[in-house]
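Accompanying notes for the structure given below.
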Amino acid sequence: MSWPWLVLLVFAAALAVAVEKPRLNRRFGAAARRDRDRQKRKKQLRVITPDDESEEFIRSVQEDLDSLPTIEERDRQK
Numbered sequence: 000m001s002w003p004w005l006v007l008l009v010f011a012a013a014l015a016v017a018v019e020k021p022r023l024n025r026r027f028g029a030a031a032r033r034d035r036d037r038q039k040r041k042k043q044l045r046v047i048t049p050d051d052e053s054e055e056f057i058r059s060v061q062e063d064l065d066s067l068p069t070i071e072e073r074d075r076q077k
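If you want it as structure tokens, here you go:
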């Protein structure tokens, strides 16, 4: 194989990579990783129906609400 054909082959390979780069980035790039991580997090979520509301869940929500910072009346005057 002579060198002009080898150069042509290298250019063809470079052109193929350049054309396929957007598709490869969607599959293997940073955005694809974020999407995969998001899908993993979404699989761990579950919807709580009114039948599922147990005393423990209600108590947990109340504790979370009680632990939120509040603004007292004397703090607003400062």
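Counting in numbering that gives the first Met the number 0, the sequence shown runs from 0 upward without gaps.
Virtual Cβ for every residue (Gly too), placed ideally from N, Cα, C.
Query - Nearest-angstrom Cα separation, counted from Leu7 out to Pro21 - result: Here residue 21 is taken as the residue at index 22 of the sequence shown, counted from 1. Here residue 7 is taken as the residue at index 8 of the sequence shown, counted from 1. Using only the alpha carbons, I get a separation of about 23 Å.
Query raised in the report: Would a C-beta distance cut-off of 8 Å place Arg37 and Ala31 closer than the cut-off?
Result: Residue 37 sits at position 38 when you count from the first residue of the sequence shown. Residue 31 sits at position 32 when you count from the first residue of the sequence shown. Contact flag unset, no.
Requested in this report: Could you have a look at Lys53 and say whether DSSP puts it in helix, strand or coil?
Outcome: Taking the sequence shown and counting its residues from 1, one reaches residue 53 at position 54. The sequence shown places Ser at residue 53, rather than the Lys named in the question. It is coil, neither helix nor strand.
**Report entry** Euclidean distance between Cα positions of Trp2 and Leu14
**Finding:** In the sequence shown, the residue the question calls residue 2 occupies position 3. In the sequence shown, the residue the question calls residue 14 occupies position 15. Looking at the two C-alpha atoms, the distance is approximately 18 Å.
**Report entry** Simplified DSSP assignment, three categories, for Val46
**Finding:** Sequence index remark: in the sequence shown, residue 46 carries index 47 (1-based). Here Val46 sits in coil by DSSP.
Query - Helix, strand or coil at Glu62 according to DSSP, with G and I counted as helix - result: By 1-based counting over the sequence shown, the position of residue 62 is 63. Three-state DSSP puts Glu62 in a helix.
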